[in-house]
Each structure stands twice: as C-alpha cells, then as structure tokens.
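Numbering (this note's numbering), first residue to last: 1 to 244.
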C-alpha cells in the first residue's frame, strides 16, 4: 500500500525543520547568530569595564532679607556654563548639580529681580574641586573661594533709569542763565573797580600798545605808483598833511 500524500508532506516538513535548527542562519550585516551574540556580550562587558567619573558641585545661595519666601526659591535657578546643566534650590537655599565631567565650569545664579555673584569651579580628572572668582578682564588673576560655594546677592536689577528731579543748581548753571547773569555782574563790578586808582593803573598797564596804522591813501599810492618815490618825498607829504 502506498502512503498518503499528506503524510509524506508532513514527514518532509518535520525533517527540514529538524535540519534547520542545527544550522546558524546568516545575518544581514554578515556573520552568524552565534557570532553576533558573542560580540554583543563582549561589547557589554567592555562597556561595563569603562567608567566615567561624574562629579557634583554643591553650594548655597543666600537669599535677600526682603525676599526670603517660597517664590524666591521657585524663581531662582543655578546655571552651569550658560545652561548646559541646570540646578534648583532646596528649602534652605542649598543646591547640588550632578553629572559633571572633569573640566572648568562657571556657576551663575539667575533670578528675575536680584543679581548674584558668579563663581568658577575647576574639577580635575581625579575629582578634586577648586573654586575661584570669575574674572573675564584679568583671567590670570586668581582669587580663591571657599567650597562648598556660598553665593551672595550683589543688588537688585535696574531695568529702568530713574527720572531726573528738578534741582536749583541745574537752573543756575544752565547756559542761558550764565549768559544773562555774567554781563550784569560785569556791568556792576567793573565801574567800581575802575574808580580805584591802583586798579586803573594796573588796567592801563595791561592794555596793549597802540600801533599807528598807515593811511589808505598812502597804501593805494604805493600800490599804483610802484613805490618809485623816495623816502624824502614821503616825509614831505606827511608833513604837509599835518600842517593842513
């Protein structure tokens, strides 16, 4: 008797499945499943072996006396390097910023109403910390700060310039008032000064000597006449004018 066809098909499928379990199927990127599992296990072990030394910066922000409320705590933030890392304050004003690698970090306190002093914290590869003041004008000038940090407010922000108030000195020293007052003072004081004989002598001595200016007729005669006349003729002409 011959076997039915469906039984033969079942036998063929079962045999192919049994053979396929013993063979490692190739992957898309090349290699077998066993190799990929081995590589993933090795990479996981290497990843565990490499450790990144993350550090933390601690400090405390001193609140202004008039703003020591819960709103002040909510509105105050700690910025590290301009916002690369952000920290918040606790109830007592302290803060902790974690997950920092080795390097130099600028710690700034941001509040919408009050300005705070900033600090720079240097973290070595061994995890040692050193705090100093931020000095952009003279970076070589190092001023150490105690650690953990203690950041104090320097004063409120001035968003608006106060309007100038009216003062009497502004009116007295204005240019228009000076132009009106100084001539009056000179008119009142100079006559009194000139009445004093000693002062008058001093004023006469200070005056510049008067130089005799030539007459215009002589100048024109010299220009158009070419200056041919002798000096004696000129002297005679001058004497004649004086006699007339």
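The beta carbon of each residue, even a glycine, is placed where N, CA and C say it ideally should be.
### Task
Rank 79, 63, 96, 56 by C-alpha distance to the C-alpha of residue 72 and give the top, closest one.
Residue numbering aside, residue 72 sits at position 72 when the chain shown is read from its first letter. Checked all of 79, 63, 96, 56; the closest Cα to residue 72 is 63.
### Query
To which residues of the same chain is residue 94 closer than 6 Å at the C-beta, ignoring the five residues directly before and after it?
In the chain shown, counting from the first residue as 1, residue 94 sits at position 94. So the qualifying residues of the chain are 60.
#### Entry: Cα-Cα separation, residue 100 to residue 89
As a first step, residue 100 is located in the chain shown; it is residue number 100 there, counting from the start. As a first step, residue 89 is located in the chain shown; it is residue number 89 there, counting from the start. Approximately 18 Å, taken between the alpha carbons.
### Message
Buried or exposed for residue 83, going by 16 or more other Cβ atoms inside 10 Å?
### Response
The residue labelled residue 83 in the question sits at position 83 within the chain shown. So residue 83 counts as exposed.
#### Entry: Where residue 217 falls: helix, strand or coil (DSSP)
Counted from its first residue, the chain shown places residue 217 at position 217. Residue 217: helix per DSSP, three-state reduction.
### Query
Tell me, which residues are paired with residue 103 by DSSP?
The count along the chain shown starts at 1 and reaches residue 103 at position 103. According to DSSP, residue 103 bridges with 123.
### Message
I need the boundaries of the beta strand (DSSP E) containing residue 57, first residue and last residue.
### Response
Here residue 57 is taken as the residue at index 57 of the chain shown, counted from 1. From DSSP, the beta strand (DSSP E) with residue 57 extends over 55-61.
### 9 Å Cβ cutoff met for residue 131 and residue 153
The sequence position of residue 131 within the chain shown is 131, counting from 1. The sequence position of residue 153 within the chain shown is 153, counting from 1. No, the pair does not count as a contact, with Cβ atoms beyond the cut-off.
### Query
Do residue 80 and residue 96 have their C-beta atoms within less than 9 Å of each other?
Looking up residue 80 in the chain shown gives position 80. Looking up residue 96 in the chain shown gives position 96. In this structure, residue 96 does not lie closer than 9 Å to residue 80 by Cβ.
### Query
Is DSSP giving residue 114 helix, strand or coil here?
Taking the chain shown and counting its residues from 1, one reaches residue 114 at position 114. Residue 114: strand per DSSP, three-state reduction.
### Task
Let me know the secondary structure DSSP gives residue 64 once reduced to three states.
Within the chain shown, residue 64 is the residue found at index 64, counting from 1. The answer is coil: DSSP assigns residue 64 none of H, G, I, E or B.
### Message
Looking only at its chain, what residues have a beta carbon closer than 6 Å to the beta carbon of residue 110, apart from the 5 residues adjacent to it on each side?
### Response
As a working mapping, residue 110 is identified with position 110 in the chain shown. Here the set comprises 77, 79.
### Task
Look up residue 95 in the DSSP assignment and give the residues it is bridged to.
For the purposes of this step, residue 95 is taken as residue 95 along the chain shown, with counting starting at 1. BP columns for residue 95 point to 59.
### Task
Thinking residue 102 and residue 123 are a contact (beta carbons under 8 Å), I'd like their distance in whole angstroms, please.
Numbered from 1 along the chain shown, position 102 holds the residue referred to as residue 102. Numbered from 1 along the chain shown, position 123 holds the residue referred to as residue 123. Right, their Cβ atoms sit about 5 Å apart.
#### Entry: Nearest neighbour of residue 133, chosen from 149, 160, 191 [CA to CA]
Residue mapping note: residue 133 aligns to position 133 of the chain shown, counting from 1. Per the Cα distances, 149.
### Bounding residues of the beta strand (DSSP E) (the contiguous stretch that carries residue 129)
Along the chain shown, read from residue 1 onward, the residue named residue 129 stands at position 129. 129-133 is the span of the beta strand (DSSP E), which, as asked, contains residue 129.
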